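Residue numbers (my numbering): 7 to 338.
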Ligand SMILES: CC(C)(COP(=O)(O)OP(=O)(O)OC[C@H]1O[C@@H](n2cnc3c(N)ncnc32)[C@H](O)[C@@H]1OP(=O)(O)O)[C@@H](O)C(=O)NCCC(=O)NCCS
C-alpha cells in the first residue's frame with residue numbers, strides 16, 4: 007500500500023544580530039564588493055551571548071508544528087539535521103523534544119552537513135511509507151558562526167546561523183507531497199570541507215597539542231564538484247518523480263553561492279523568478295537554508311502555492327540530496 011505523505015507545516019528562525027560585509031571588512035582583509043561579487047552575500051544573522059542552535063531549532067519547530075495543527079504528543083520522530091548543535095549529546099533532537107513536549111517521539115540527529123534537511127526528508131519518507139511512523143518533525147539547525155575561524159577570510163564570510171523545520175504527516179487525501187527523494191554521497195571528496203571533533207589522547211599515552219576544530223574548506227573544489235555533478239543528480243530525481251522538469255514550478259537550491267544558483271538556473275532552464283534565493287540576507291545557513299528559503303518565499307508571495315518544487319542541497323561529505331515536492335496552501 008502506498009501511504010501518501012503531506013508536508014503539513016514549515017517554519018524558520020534566525021538570530022536577531024546581523025553582520026554586514028562592511029562589518030567583516032573591519033576585522034578581515036575583505037570587502038563588500040569582493041563578497042557580493044563572488045557569492046551574492048550581503049549580510050548574515052549570527053548567534054550572540056547564550057543563544058544556541060537548539061533554541062533556534064525549537065522556535066522553527068514550533069512554527070512548523072503550529073502551521074500543521076498537529077499535537078506535539080502525536081509526533082513519532084524528531085530528526086534534527088544539526089552538524090553543529092549545542093551538544094554532541096544529548097542530541098539536538100532530544101533537546102527540542104523536551105522543549106516542545108513531544109513526549110512520545112523517538113529522537114536522533116543526522117550529520118549530512120548542508121544536505122541534512124533533504125537527508126532528513128528521505129529518512130522520514132521511508133519511515134512514513136513503511137507504516138513505521140505517522141508524524142515526523144524534521145528540524146535543521148546549525149550554529150555555523152561558532153565553528154568557522156573568523157581570521158580565515160576564505161571561509162568565515164560565507165556562513166550565517168539559522169534554523170528551519172518541516173512537519174510531515176500522512177495525507178488526509180490521496181495527494182503525495184514528496185514525489186521523489188534522491189540522496190548521494192561521495193566520501194572520497196571528504197577533504198573538500200572538514201571539521202574535526204575536539205579531544206586529545208590520554209596524557210599518560212602522550213601530550214598532544216589542541217586540535218584545530220574550525221571548518222576548513224577548499225572552496226574552488228566544492229564549486230567545481232557542485233556545478234559538475236548536481237545538475238545530473240537533480241535530473242535523476244526529477245525522472246523518478248514522474249514529472250518533467252518543465253512541469254515543475256520552482257527550484258529551491260541550497261543557498262551557498264549565488265553563482266552556483268545561477269549556474270543551476272541556466273543548466274536546468276528555469277526562469278529567474280522561479281528560482282528562490284535569499285543568500286543576500288542570510289548567507290549559507292547550512293541545512294537550514296532550504297526551509298528558510300521556502301518559508302520566506304511563500305510568506306512573501308514569491309512562491310505561489312499550491313505548486314511543485316525541486317529542493318536540492320549539497321555539503322560536506324560530500325553529500326547531495328534532492329527532493330521533488332508539492333507545497334500546499336497554508337503550510338507557511
Ligand atoms: C569560496 C569562493 C567564493 C571563492 O571564490 P573564488 O572565485 O574561487 O576565489 P579564490 O578562492 O580563487 O580566491 C581568489 C582571490 O581572492 C582572495 N580571497 C579569498 N577570500 C577572500 C575574501 N573574503 N575577501 C577578499 N579576498 C579573498 C584569495 O586569497 C585569492 O587571492 P589571490 O588570487 O591573491 O590568491 C568560491 O570558490 C565558492 O563559493 N566555492 C563554493 C563554496 C561553497 O559553496 N561552500 C559551501 C558548501 S555547503
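Even for Gly, the Cβ is constructed at its ideal location relative to N, Cα and C. Treat the numbers as computed from the prediction; the structure is a model and nothing was measured.
Query raised in the report: In chain order, what residues of the same chain have a beta carbon less than 7 Å from the beta carbon of residue 175, not counting five sequence neighbours either side?
Result: Closer than 7 Å at the Cβ level, and outside the excluded window around residue 175, lie 12, 14, 74, 76, 140 and 141.
Report task. Pick helix, strand or coil for residue 280, following the three-state DSSP scheme. Result -> Correct three-state label for residue 280: helix.
**Report entry** residue 15 CB to nearest heavy atom of ligand 1 below 7 Å
**Finding:** No, the beta carbon of residue 15 sits no closer than 7 Å to any heavy atom of ligand 1.
Report task. Out of 272, 262 and 19, point me to the one whose CA is closest to residue 284's CA. Result -> Comparing Cα-Cα distances from residue 284 to each of 272, 262 and 19, the minimum goes to 262.
Query raised in the report: Cβ of residue 164 versus every heavy atom of ligand 1: is any distance shorter than 7 Å?
Result: Within the chosen limit of 7 Å, ligand 1 reaches the beta carbon of residue 164 through at least one heavy atom.
Query - Closest Cα partner of residue 293 within the set 212, 184, 165 and 248 - result: Proximity to residue 293 across 212, 184, 165 and 248 peaks at 165, based on C-alpha coordinates.
Query raised in the report: Skipping 5 residues on each side, what residues in its chain have a beta carbon closer than 8 Å to that of residue 119?
Result: Hits under 8 Å: 89, 199, 292, 293, 321, 322, 323 and 325.
**Report entry** Spatially closest choice to residue 46 from 208, 288, 195 and 298, by CA coordinates
**Finding:** That would be 288, whose Cα lies nearest to the Cα of residue 46.
Query raised in the report: Would DSSP call residue 73 helix, strand or coil?
Result: In this structure, residue 73 counts as helix in the three-state DSSP scheme.
Query - Bridge partners - residue 112, DSSP secondary structure assignment - result: Looking at the DSSP assignment, residue 112 forms a beta bridge with 83.
Query raised in the report: For residue 334, does the three-state DSSP call read helix, strand or coil?
Result: Collapsing the DSSP output to three states places residue 334 in coil.
Query raised in the report: Would you report the Cα separation of residue 311 and residue 333, rounded to the nearest angstrom?
Result: Answer to the nearest angstrom: the Cα atoms are 6 Å apart.
**Report entry** Buried/exposed call for residue 172, threshold 16 Cβ in 10 Å
**Finding:** Burial state of residue 172 is buried, judged by a 10 Å Cβ sphere holding 16 or more other Cβ atoms.
Query - residue 50 beta carbon near ligand 1 (any heavy atom closer than 7 Å) - result: For ligand 1, not one heavy atom lies less than 7 Å from the Cβ of residue 50.
Requested in this report: Since I believe residue 185 is in contact with residue 330 (beta carbons under 8 Å), could you give me their beta-carbon distance rounded to a whole number of angstroms?
Outcome: With a Cβ gap of about 4 Å, residue 330 and residue 185 count as contacting.
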